[in-house]
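Visitor:
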Amino acid sequence: MAELAVDLTYGTALMEAADEVGKQQEILDEGQQIVEILNAEPDLKAFIDFPAISADEKKQVLSEIFEGKICQELMNFMFVLIDKRRAGRFERIIKVYKDLLEREEGVSYGVVYSVEKLSEDRLAELEEQTSRLLQMKVKLENEIDPKLIAGVKILVEGKIIDASYRKRFDKMASQLKIS
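Residue numbers for the sequence shown, in the numbering used here: 8 to 186.
(1) State the start and end residues of the unbroken alpha helix (DSSP H) segment that holds S138.
(2) Tell me the residue span of the beta strand (DSSP E) that contains L147.
(3) With a 10 Å radius around its C-beta and 16 neighbouring C-beta atoms as the bar for buried, classify K160 as buried or exposed.
(4) Short of 6 Å in beta carbon distance, which residues of its chain neighbour M8, apart from the five on each side in sequence? Order them along the chain.
(5) Would L133 and L155 qualify as a contact pair, given that the criterion is a beta-carbon distance under 8 Å?
(6) With 16 as the cutoff for other CB atoms within 10 Å, does K184 come out buried or exposed?
(7) Looking only at C-alpha atoms, which of F54, I41, L69, E164 sits nearest to V114?
(8) Select from I60, I55, Q182, E80 the residue whose C-alpha is nearest the C-alpha of L69.
(9) Does T16 pass the burial test, meaning 16 or more other C-beta atoms within 10 Å, or should it be called exposed?
(10) Kindly indicate the opening and closing residues of the beta strand (DSSP E) around S121.
(11) Which of the three DSSP states is assigned to I161 in this structure?
(12) Figure out for me which residue from N46, R96, M22 has the closest Cα to the Cα of V13.
(13) Do the CB positions of K66 and I101 come within less than 8 Å of each other?
(14) Near L21, which residues of its chain fall below 6 Å by C-beta distance, leaving aside the five closest residues on each side in sequence?
(15) What residue range does the alpha helix (DSSP H) around E74 cover?
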C-alpha cells in the first residue's frame with residue numbers, strides 16, 4: 008500500500024511539473040519510450056536498480072544514453088528518482104502519470120469481460136459504443152470470463168452493461184420459475 012502512495016506522489020509531482028512547462032504529452036511519450044528501453048535492456052534496468060552503484064555513476068550513464076533525446080524535465084525527474092532511490096519504480100510512476108493525465112482529460116477506465124480475448128478493433132468499437140452510451144470517454148481493458156458463455160459484460164465506474172448470454176439465460180430461468 009505504501010508503494011502505491013509513493014507511485015501516486017511521484018506521478019502527481021511529474022504531472023505538476025509537466026503542467027508548468029506545458030509538456031504533458033511529450034513527457035508521457037518519452038517516459039513510455041524509456042520504459043520500453045528498460046524492459047528491452049534488462050542489464051540497464053538492473054544497473055539502475057542496483058543499490059551498490061552510486062547515484063552519480065547512474066546519472067552519468069543515463070546522461071550518456073538520454074541527453075538530448077528526452078526533455079530536460081524528464082531527465083531531471085529521473086535524477087530525482089535516483090537520488091531518492093526510487094528509480095526502480097519508474098515504470099509504475101509513468102503508469103500513474105498516464106492515468107492522471109487521462110483522468111484530467113476526462114477519460115474513465117473500465118473492464119470488458121468476454122469468453123475469449125477481443126481483437127483490438129472489437130475493443131475499440133466497444134470503447135466507442137460505451138463512450139456514447141455513458142457520455143464520457145471510456146478506455147476498456149479486456150479480461151477473460153469463461154462463465155459468460157457468449158457476449159460481453161462491461162464495468163465502468165460502478166456501472167454494469169451486461170450483454171452476455173449468461174444474463175439472458177438467468178432471466179429466462181427466473182421467468183420460467185415464476186410461470
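Ideal Cβ positions, reconstructed from N, Cα and C, are used throughout, including at glycine.
Guide: To lay it out plainly:
(1) In the DSSP assignment, S138 falls within the alpha helix (DSSP H) that extends over 127 to 141.
(2) For L147, the uninterrupted beta strand (DSSP E) run begins and ends at 144 to 151, by DSSP.
(3) Around the beta carbon of K160, 16 or more other beta carbons lie within 10 angstroms, which makes this residue buried.
(4) Bear in mind that the predicted position of M8 carries a pLDDT of just 47, short of 50, making it unreliable; the figure below should be weighed with that in mind. Result list for M8: empty, nothing under 6 Å.
(5) The criterion of a C-beta distance shorter than 8 Å is not satisfied by L133 and L155.
(6) Exposed: under 16 other Cβ atoms inside 10 Å.
(7) When only C-alpha atoms are compared, the closest one is E164.
(8) Closest option to L69, Cα to Cα, is I55.
(9) Per the 10 Å Cβ criterion, exposed.
(10) That run of the beta strand (DSSP E) goes 114 to 121.
(11) I161 falls in the strand class under three-state DSSP.
(12) Nearest C-alpha to V13: R96.
(13) No, the Cβ-Cβ distance between K66 and I101 is not below 8 Å.
(14) Closer than 6 Å at the Cβ level, and outside the excluded window around L21, lie F84, Y104.
(15) Following the DSSP letters along the chain, one finds E74 in no alpha helix (DSSP H), marked with neither H nor E.
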